[in-house]
Amino acid sequence: MNIYTLYALLTFCGSTSAGSFFQQAAGLSDLLDTSQSYPVPGNSPMEFCGDYSNDIIDIKDLTIVPNPPVKGESLTIQATGMLKEKITAGAFVQITVKYGLITLVRQVFDLCENADQVDLECPVDAGEKILKKTVDIPSQIPPGVYTVMGDAYTVDQTPITCLTAKVQF
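If you're matching positions, the sequence shown starts at 1279 in my numbering and goes up one per residue.
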């Protein structure tokens, strides 16, 4: 499954997700507010990384089917929300994927350059967003616990959202 597709879908529709840039030595637990839980509304394993009151996306619902995801099957993601500001060129998302304690991916993606992967065009105007996307999860995923985190910002460093999820295959 394309990791960017999952996060961009979540990010753009007000559903994939603030803080400073990942430092190479930082672990995911150092970046998350673990003092309390911030579940994303809907039926998914997604949580906000911390206080999301200043994010420019207000997520109303994020549902995935099946929940939890199953390797070798299709995953349908449906999300609705309100984008409070226009997203323009230069907006980006920092993605981290861990397998247990091992970092598999730590990469930055330009949201506008990849908007077409979630059937959007940049700039993305403010307003209500409804998005539905189906992706295939490879059957070759090794068993274990995966942690995915996406931290998205506008071009001027305004937090769009920060989302994280743990999924066991």
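Cβ coordinates follow ideal geometry from the N, Cα and C atoms, glycine included.
Assigned exposure category for residue i - 16 Cβ within 10 Å defines buried
i, result
"Ala1404", "exposed"
"Asn1392", "buried"
"Glu1399", "exposed"
"Pro1401", "exposed"
"Gly1350", "exposed"
"Asp1434", "exposed"
Boundaries of the beta strand (DSSP E) in which residue i is found, first to last residue
i, result
"Thr1412", "Gly1405 to Asp1414"
"Ala1357", "Ser1352 to Leu1361"
"Thr1387", "Going by the sequence as given, residue 1387 is Phe instead of Thr. Residues Ile1380 to Asp1388."
"Ile1334", "First-last for Ile1334: undefined, no H or E at that position."
"Cys1440", "Pro1437 to Gln1446"
"Gln1372", "Phe1370 to Tyr1377"
Neighbourhood of residue i by C-beta, 7 angstroms cutoff - its chain only, sequence neighbours within 5 removed
i, result
"Asp1336", "Gly1292, Gly1359, Met1360 and Lys1362"
"Ile1380", "none"
"Pro1421", "Phe1447"
Nearest-angstrom beta carbon gap, residue j and residue i [assumed within contact, 8 angstroms]
i, j, result
"Pro1317", "Ala1443", "Not confirmed; about 10 angstroms, so no contact."
"Cys1386", "Val1375", "At residue 1386 the sequence reads Val, which differs from the Cys that was named. Going by Cβ atoms, the distance from Val1386 to Val1375 rounds to 13 angstroms, so no, they are not a contact pair."
"Leu1389", "Ile1365", "6 angstroms"
8 angstroms CB neighbourhood of residue i in its chain, flanking five on each side removed
i, result
"Ser1315", "Glu1325"
"Asn1345", "Asn1321, Ser1322 and Pro1323"
Cutoff 6 angstroms; reference residue i; Cβ partners in own chain excluding five residues on either side
i, result
"Lys1410", "Gln1356"
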